[in-house]
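Top to bottom, those sequences are chains A and B. Counting in this note's numbering, the first sequence runs from 53 upward without gaps. Counting in this note's numbering, the second sequence runs from 180 upward without gaps. Glycine residues also receive a C-beta, built at the ideal position from the N, C-alpha and C atoms. Below: the structure, in structure tokens.
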Amino acid sequence: DQQVKQNSPSLSVQEGRISILNCDYTNSMFDYFLWYKKYPAEGPTFLISISSIKDKNEDGRFTVFLNKSAKHLSLHIVPSQPGDSAVYFCAASDDAGNNRKLIWGLGTSLAVNP
Amino acid sequence: GAVVSQHPSWVICKSGTSVKIECRSLDFQATTMFWYRQFPKQSLMLMATSNEGSKATYEQGVEKDKFLINHASLTLSTLTVTSAHPEDSSFYICSASFGAEKLFFGSGTQLSVL
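Written as structure tokens, this is what we have:
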């Protein structure tokens with residue numbers, strides 16, 4: 053059973069517009085959420101995270117929103133740039149300590165068109 | 180950001196042979212490394228957590244005698260797939276823990292067992 057779901061396998065956005073990537077989860081014990089970006093032939097790289105005590109975290113063009121009641125989080129990229137084209141993974145953890153065990157979604161492939 | 184080198188990138192082997200995959204943290208000391216596996220159209224799944232100088236902790240359903248993990252130093256962990264069979268064909272990826280939150284990933288190894 054997929055505990056972290058990214059229901060959109062792909063998303064296409066025009067450069068300069070907003071990209072919204074969605075992620076749903078089923079385990080109410082998850083207390084930490086992360087987004088990773090992956091380019092072809094490379095490993096995932098950390099992008100942004102959010103703790104369950106917050107509902108928003110912003111870092112430059114990237115903002116993650118968390119709706120605990122809906123068990124839903126989203127990643128907003130504004131404005132989108134062609135270099136943002138990559139696969140984005142949502143991951144969740146119920147281990148608030150170090151060395152987190154992450155549960156991953158399947159990823160959403162984002163294409164930002166010039 | 181921190182660099183994790185994983186080698187080889189891909190390997191093709193005959194059934195029954197053993198394959199070793201190396202994961203090195205190049206510019207930091209990683210007290211903990213993680214090994215993941217990803218089958219086609221499935222999410223990354225944690226196989227085991229390896230701490231330097233101690234035995235690895237395996238996730239449920241992962242055979243420790245088949246997937247041997249050695250973490251002999253703070254910069255190197257190896258995963259050996261012993262007596263590989265076609266069902267072991269998968270994408271294997273390591274990550275190294277740096278600090279409380281961040282994981283840095285290798286680029287992955289695609290294993291194909293004939």
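Host beta strand (DSSP E) of residue i (start-end)
i, result
"glutamine 54 of chain A", "Note, glutamine 54 of chain A: premise wrong, no beta strand (DSSP E); not H, not E."
"arginine 146 of chain A", "Per the sequence shown, residue 146 of chain A should be read as aspartate rather than arginine. Where aspartate 146 of chain A is concerned, there is no enclosing beta strand (DSSP E), given that its DSSP letter is neither H nor E."
"isoleucine 191 of chain B", "189–192"
"methionine 226 of chain B", "224–230"
"phenylalanine 246 of chain B", "246–252"
"lysine 108 of chain A", "108–111"
"histidine 186 of chain B", "183–186"
"isoleucine 105 of chain A", "Note, isoleucine 105 of chain A: premise wrong, no beta strand (DSSP E); not H, not E."
"leucine 255 of chain B", "255–260"
"glutamine 217 of chain B", "211–217"
"leucine 86 of chain A", "84–90"
"leucine 282 of chain B", "281–284"
Option in the options with minimal Cα separation from residue i
i, options, result
"serine 256 of chain B", "B/Lys193, B/Ala275, B/Phe283", "B/Ala275"
"lysine 106 of chain A", "A/Phe82, A/Val139, A/Asp53, A/Gln133", "A/Phe82"
"glutamine 217 of chain B", "B/Thr211, B/Leu225, B/Thr210", "B/Leu225"
"valine 190 of chain B", "B/Phe270, B/Gly285, B/Phe284", "B/Phe270"
"tyrosine 160 of chain A", "A/Asp53, A/Glu67, A/Phe117, A/Tyr91", "Per the sequence shown, the amino acid found at residue 160 of chain A is threonine instead of tyrosine. Among A/Asp53, A/Glu67, A/Phe117, A/Tyr91, the Cα nearest to that of threonine 160 of chain A belongs to A/Tyr91."
"valine 116 of chain A", "A/Ile70, A/Gly95, A/Leu63", "A/Ile70"
"arginine 113 of chain A", "A/His128, A/Ser101, A/Lys153", "A/His128"
"alanine 209 of chain B", "B/Leu223, B/Gln185, B/Glu231", "B/Glu231"
"proline 219 of chain B", "B/Ser252, B/Glu266, B/Cys273", "B/Glu266"
"leucine 158 of chain A", "A/Tyr84, A/Ser80, A/Lys89, A/Ser64", "A/Lys89"
"proline 134 of chain A", "A/Cys142, A/Asn165, A/Trp87", "A/Asn165"
"threonine 254 of chain B", "B/Ser188, B/Ser194, B/Asp206", "B/Asp206"
"isoleucine 102 of chain A", "A/Gln55, A/Gln58, A/Pro96, A/Asn119", "A/Asn119"
"phenylalanine 98 of chain A", "A/Phe141, A/Ser145, A/Ala163, A/Asp53", "A/Phe141"
Beta-bridge partners of residue i, as assigned by DSSP
i, result
"histidine 124 of chain A", "A/Asp76, A/Asn119"
"leucine 290 of chain B", "B/Val190, B/Ser269"
"serine 204 of chain B", "B/Val183"
"serine 64 of chain A", "A/Ala163"
"threonine 97 of chain A", "A/Lys89"
Cβ contact check for the segment 190–209 of chain B and the segment 283–293 of chain B: 3 or more pairs under 8 Å: yes
Three or more C-beta pairs below 8 Å linking the segment 65–85 of chain A and the segment 107–125 of chain A: yes
Residues of the segment 209–240 of chain B with Cβ closer than 9 Å to any Cβ of chain A, in chain order: Thr210, Thr211, Phe213, Tyr215, Gln217, Lys220, Gln221, Ser222, Leu223, Met224, Leu225, Thr228, Asn230, Glu238
Chain-ordered residues of the segment 88–103 of chain A with a beta carbon less than 9 Å from chain B: Tyr88, Lys90, Ala93, Glu94, Gly95, Pro96, Thr97, Phe98, Ser101
Residues, ordered as in the chain, of the segment 190–205 of chain B that lie near chain A by beta-carbon distance below 9 Å: none
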